[in-house]
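*Asks:*
Numbering (this note's numbering), first residue to last: 5 to 237.
(1) Confirm, please, whether the CB-CB distance from residue 109 to residue 5 is below 8 Å.
(2) Quick check on the DSSP output: what are the complete alpha helix (DSSP H) runs of length 4 or more inside the segment 19-97, in order along the chain?
(3) Out of 31, 156, 37, 18, state which residue places its alpha-carbon closest to the alpha-carbon of residue 9.
(4) Cβ atoms of residue 207 and residue 170: under 8 Å apart, would you say?
(5) From the DSSP output, read off the bridge partner residues of residue 153.
(6) Hey, quick one: how far does the alpha helix (DSSP H) through residue 127 stretch, first residue to last?
(7) How many Å lie between residue 118 and residue 154 at the Cα?
(8) Should residue 232 and residue 212 be called a contact, given that it needs their Cβ atoms to be closer than 8 Å?
(9) Applying the 10 Å Cβ sphere with the 16-neighbour rule, what's the burial state of residue 104?
(10) Quick one: Cα of residue 229 to Cα of residue 217, how far?
(11) What would DSSP say about residue 1, mapped onto helix, strand or coil?
(12) Smallest Cα separation from residue 116: which of 75, 196, 205, 175?
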């Protein structure tokens, strides 16, 4: 099975490049399953029901999330009705939506997508390691492909998750920092791993946002409104 994972889609530039390029890439590479992180698709902060529907119609099969999944309050009522839009599974019980999706790819192979979020330098939510155990236990034995989006700040926490799940899942892919790492590898027991796939968006700013606002905040320390950058998508 051929799988395409699209790193964090940032704002309208990120959505536009997906709209322009995804169908061709899927056709040329004969992709069976498309997964994308969409938590930054609404002006860099969160995702709306309309944008989720647009991205799914573009050919994305499953959308994962992260700490920005909750930025748009209208998504709370939408999450229970769209199982293909995930949020991290280890947010406390009772929150809207799910962090696990089971589906069937174009080639007929069954798959699972699990979305987790780290806790180091992030909101101290439930333990992603133990949550991974409980969520994996829900996956039927006939599901051969299990993909994990580990949305976390630190390299160490993501690498630890890779080792923890080695041999139990097909791939552990890191998201969140928007900076691609060059440590892709296959772990000893067969799990594919990369610390961060980077972002799908404008690279002319600072991790997708306009550089002037970011630099200004570093210089004066005052709150600033960040806007999505443009160019070099």
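Note that the Cβ used here is the ideal one computed from N, Cα and C, for glycine as well. Keep in mind that this is a model prediction, so the values were computed, not measured.
*Replies:* Walking through what the data contain:
(1) In the chain shown, the residue the question calls residue 5 occupies position 1. In the chain shown, the residue the question calls residue 109 occupies position 105. Closer than 8 Å, so yes.
(2) 53-61, 79-82
(3) Position 5 of the chain shown, counted from the start, is the residue given in the question as residue 9. Among 31, 156, 37, 18, the Cα nearest to that of residue 9 is on 37.
(4) As a working mapping, residue 170 is identified with position 166 in the chain shown. As a working mapping, residue 207 is identified with position 203 in the chain shown. No; because the gap between Cβ atoms is not below 8 Å, this pair is not in contact.
(5) For the purposes of this step, residue 153 is taken as residue 149 along the chain shown, with counting starting at 1. 119, 177, per the DSSP bridge assignment.
(6) Within the chain shown, the letter at position 123 stands for residue 127. Careful: residue 127 lies outside any alpha helix (DSSP H) and carries neither H nor E.
(7) Within the chain shown, numbered from 1, the residue matching residue 118 stands at position 114. Within the chain shown, numbered from 1, the residue matching residue 154 stands at position 150. Rounded to the nearest angstrom, the two C-alpha atoms are 8 Å apart.
(8) Here the question's residue 232 lines up with position 228 in the chain shown. Here the question's residue 212 lines up with position 208 in the chain shown. Contact: yes.
(9) For this step, residue 104 is matched to residue 100 along the chain shown. Buried is the call here.
(10) Counted from its first residue, the chain shown places residue 229 at position 225. Counted from its first residue, the chain shown places residue 217 at position 213. About 7 Å.
(11) Outside the displayed span of the chain (5 to 237) sits residue 1, for which this structure offers no information.
(12) Sequence index remark: in the chain shown, residue 116 carries index 112 (1-based). Ranking 75, 196, 205, 175 by Cα distance to residue 116 puts 175 first.
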